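Shown next, in structure tokens, is the structure this report addresses.
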Amino acid sequence: MKISTDRIPRTELSTWHSNGPFPIELMYRAQQKGEVSYDLHYATVIEIQGLLKECLEEGKRFRAIGSRWSLNDIAFNGSRIHANAALDIRLPITSDQLHLANQTIKYDNLVFSQCGATVNQLNVFLEDRQKSLKTCGGSNGQTIAGVISTGVHGSGLERQCMSDYVRGMHLIIGPEENDRVYIERDSEPILNDEFVTNQLRSRVIRNDALFNAALVGLGSFGFIAAVVLEVEDIYSLKRYIKPIEYKDAIQLLQTLDFKNSAFQVKEELNDEGEPIIPYHFKPYINQYTKKNTVAEVIYKIPYQAGTRSEYDIATELHPDMFSIIHWALEKSEGKLTRLITKLLQGQVFPDPKKEIKPVIGTLGDIFHPVDFDSPGFSWAIAVDHSKISDAMAVFCGIFKNHKVPGLSAIKLVQQTKSTLGFTRFPLSAVIGLDGIQWNPFGDLRSQEEVEQVIIETFVNAGIEFTVHWGKNTDWNRPDLVKTMYGNDKVNEWKLQRNNLLRPEMMEVFDNDFLQRVGLNKERIA
Numbered sequence: 105m106k107i108s109t110d111r112i113p114r115t116e117l118s119t120w121h122s123n124g125p126f127p128i129e130l131m132y133r134a135q136q137k138g139e140v141s142y143d144l145h146y147a148t149v150i151e152i153q154g155l156l157k158e159c160l161e162e163g164k165r166f167r168a169i170g171s172r173w174s175l176n177d178i179a180f181n182g183s184r185i186h187a188n189a190a191l192d193i194r195l196p197i198t199s200d201q202l203h204l205a206n207q208t209i210k211y212d213n214l215v216f217s218q219c220g221a222t223v224n225q226l227n228v229f230l231e232d233r234q235k236s237l238k239t240c241g242g243s244n245g246q247t248i249a250g251v252i253s254t255g256v257h258g259s260g261l262e263r264q265c266m267s268d269y270v271r272g273m274h275l276i277i278g279p280e281e282n283d284r285v286y287i288e289r290d291s292e293p294i295l296n297d298e299f300v301t302n303q304l305r306s307r308v309i310r311n312d313a314l315f316n317a318a319l320v321g322l323g324s325f326g327f328i329a330a331v332v333l334e335v336e337d338i339y340s341l342k343r344y345i346k347p348i349e350y351k352d353a354i355q356l357l358q359t360l361d362f363k364n365s366a367f368q369v370k371e372e373l374n375d376e377g378e379p380i381i382p383y384h385f386k387p388y389i390n391q392y393t394k395k396n397t398v399a400e401v402i403y404k405i406p407y408q409a410g411t412r413s414e415y416d417i418a419t420e421l422h423p424d425m426f427s428i429i430h431w432a433l434e435k436s437e438g439k440l441t442r443l444i445t446k447l448l449q450g451q452v453f454p455d456p457k458k459e460i461k462p463v464i465g466t467l468g469d470i471f472h473p474v475d476f477d478s479p480g481f482s483w484a485i486a487v488d489h490s491k492i493s494d495a496m497a498v499f500c501g502i503f504k505n506h507k508v509p510g511l512s513a514i515k516l517v518q519q520t521k522s523t524l525g526f527t528r529f530p531l532s533a534v535i536g537l538d539g540i541q542w543n544p545f546g547d548l549r550s551q552e553e554v555e556q557v558i559i560e561t562f563v564n565a566g567i568e569f570t571v572h573w574g575k576n577t578d579w580n581r582p583d584l585v586k587t588m589y590g591n592d593k594v595n596e597w598k599l600q601r602n603n604l605l606r607p608e609m610m611e612v613f614d615n616d617f618l619q620r621v622g623l624n625k626e627r628i629a
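Residue numbers (this note's numbering): 105 to 629.
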């Protein structure tokens with residue numbers, strides 16, 4: 105086996121969606137060659153520890169970066185970053201690696217994944233073994249470590265966010281022998297000590313509070329070398345796009361009463377003729393008019409091989425909003441004013457009078473990788489689903505005076521166990537608005553100004569909310585994190601980080617984003 109590290113001099117780097125550029129000094133990129141094994145993984149861990157030692161001795165900061173999928177500077181530090189993409193080992197867990205106290209999860213429903221594996225790579229790996237992820241986001245380009253660190257929300261009514269299906273984390277918290285740690289919940293031990301000691305060559309920490317804090321750790325609980333994911337037997341999804349009245353969409357999001365709703369998918373009834381509860385329900389909404397609303401409704405069905413379908417964006421509606429906007433941008437010949445006109449007229453969504461055939465595929469087929477090469481922005485605000493009517497009234501009201509080139513969608517996600525996971529409500533309704541970046545002119549205010557207005561308006565309306573860690577928002581607002589999560593949650597997160605990391609390593613893993621939101625080492629309670 106051979107492990108080496110590329111050292112790439114760079115002064116700045118942008119996100120995948122062209123946010124930035126943000127300053128850096130040097131980009132590391134570890135490369136691993138050899139048989140896929142825990143020995144190869146260990147050799148890479150030692151390489152990363154060497155880089156951490158180098159940064160510590162030279163007074164530099166260190167942060168991992170995956171697919172650069174976040175739309176803010178959460179992954180940047182103005183110093184040294186490590187590109188994780190080449191660290192993509194995936195291995196099945198075997199029965200002899202399980203903890204004896206594990207009585208809930210079968211060994212073949214667990215997988216070991218290095219930090220740089222993308223969700224799409226995991227989908228391919230699992231499908232080859234007739235397995236599937238429990239859930240995923242709207243697109244699959246993110247690395248698994250990035251998904252976890254920012255609390256990417258999932259795709260099912262009965263599912264939590266993706267980080268909630270992580271059962272163990274292999275962390276590198278410094279350059280010393282004792283700085284290789286495997287953490288999991290004490291209430292839910294997964295891997296046995298012998299495996300962790302002999303194969304991962306790390307020490308075990310079983311602590312529920314630490315694990316819950318580190319799950320959505322914002323890249324600051326050390327270097328995530330690998331994770332253990334819970335998966336399940338492979339299944340297929342059947343996806344419909346149906347017109348829906350705005351009021352019916354809001355009522356369903358608020359009540360989940362599909363049985364008595366005026367909106368029904370006639371093809372999906374049980375033997376008694378009653379509507380089947382879908383796996384996923386997501387209305388796409390034009391926040392300017394509330395007209396021509398359509399819903400993406402997905403049902404979970406037994407696996408059907410060979411059913412993968414390609415999408416026609418003009419008629420079927422891509423699950424990732426960026427692709428819709430990109431398609432409209434191409435149709436408008438790149439002219440922003442014409443794009444906005446299309447949005448206001450509701451022409452981006454499929455014609456509600458035209459029948460759209462359902463699409464069947466695996467989780468990875470339906471939520472497939474997105475190809476979006478235009479500068480994008482993305483906002484995501486979570487509220488308790490019972491407050492969605494009030495929240496949408498506030499949200500849509502903002503855009504009467506603040507036009508932006510984007511469109512909205514809402515989906516429901518079950519409550520996360522992560523201390524600072526943004527889907528913190530018993531059932532979170534996540535309001536997303538995605539679009540393309542713009543230059544302010546006329547009644548188009550700047551993106552920063554609109555972000556300030558959104559947060560200020562929700563605070564003044566008295567609606568409890570959180571925002572997605574990996575997306576755009578007014579992160580400069582004083583005490584925004586405490587407003588969203590409360591002092592107890594914030595202090596618990598900081599306490600657990602303080603317990604795990606030595607002060608000098610907290611400094612290494614800090615960045616300006618943490619300082620801006622009050623979570624850096626200087627403000628630990």
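Just so you know, even glycine gets a beta-carbon here, dropped at the ideal spot from N, CA and C.
Quantities reported herein were computed from a predicted structural model and do not represent experimental measurements.
Helix, strand or coil at residue i according to DSSP, with G and I counted as helix
| i | result |
| --- | --- |
| lysine 210 | coil |
| leucine 623 | coil |
| glutamate 437 | Residue confidence is low: glutamate 437 scores 48 on pLDDT, short of 50, so the model does not pin down where it sits. Its coordinate-derived value is still stated next. DSSP places glutamate 437 in coil when its eight states are reduced to three. |
| serine 482 | strand |
| methionine 610 | helix |
| tyrosine 96 | The chain is shown only over 105 to 629; residue 96 falls outside these bounds and no answer can be derived. |
| aspartate 488 | strand |
| leucine 584 | helix |
| threonine 301 | helix |
| serine 122 | coil |
| threonine 419 | Note that threonine 419 scores a pLDDT of 43, beneath 50, so its modelled location is shaky and nothing firm can be said. |
| serine 493 | helix |
| histidine 145 | helix |
| asparagine 282 | helix |
| lysine 164 | coil |
| glutamine 135 | strand |
| leucine 516 | strand |
Proximity of residue i and residue j at Cβ, strictly below 8 Å
| i | j | result |
| --- | --- | --- |
| isoleucine 540 | glycine 480 | yes |
| leucine 537 | lysine 593 | no |
| glutamate 288 | arginine 310 | yes |
| isoleucine 514 | leucine 322 | no |
| serine 259 | phenylalanine 529 | no |
| asparagine 580 | leucine 314 | no |
| asparagine 227 | leucine 175 | no |
| phenylalanine 569 | isoleucine 460 | no |
| histidine 203 | isoleucine 294 | yes |
| leucine 605 | isoleucine 277 | yes |
| serine 243 | valine 320 | no |
| proline 582 | tryptophan 542 | no |
| isoleucine 197 | valine 140 | no |
| valine 285 | isoleucine 248 | no |
With 16 other Cβ atoms within 10 Å as the buried cut-off, status of residue i
| i | result |
| --- | --- |
| serine 482 | buried |
| leucine 373 | exposed |
| arginine 114 | exposed |
| glutamate 334 | buried |
| glutamine 218 | buried |
| glycine 138 | exposed |
| glutamine 135 | exposed |
| glutamine 234 | exposed |
| glycine 438 | For glycine 438, the pLDDT reaches just 48, beneath the cut-off of 50, and the residue's location in the model is therefore unreliable, leaving the point undetermined. |
| glutamine 619 | exposed |
| methionine 610 | buried |
| glutamine 246 | buried |
Cross-strand partners of residue i (DSSP beta bridge)
| i | result |
| --- | --- |
| leucine 130 | Pro113 and Arg184 |
| proline 196 | Val215 |
| phenylalanine 385 | Val401 |
| proline 406 | Proline 406 is not bridged to any residue. |
| valine 571 | Ile485 |
| aspartate 538 | Ser482 and Leu511 |
| glycine 465 | Leu341 |
| lysine 235 | Asp337 |
| threonine 254 | In the DSSP output, where bridge partners are listed per residue, threonine 254 has none listed. |
Min CB distance residue i to chain C below 8 Å
| i | result |
| --- | --- |
| cysteine 219 | In the structure shown, chain C cannot be found, because there is only a single protein chain. |
Requested in this report: Determine contact between the segment 164-177 and the segment 609-627, defined as no fewer than three beta-carbon pairs at a distance below 8 Å.
Outcome: yes
Query raised in the report: Do three or more CB pairs link the segment 326-346 to the segment 499-513 at distances below 8 Å?
Result: no
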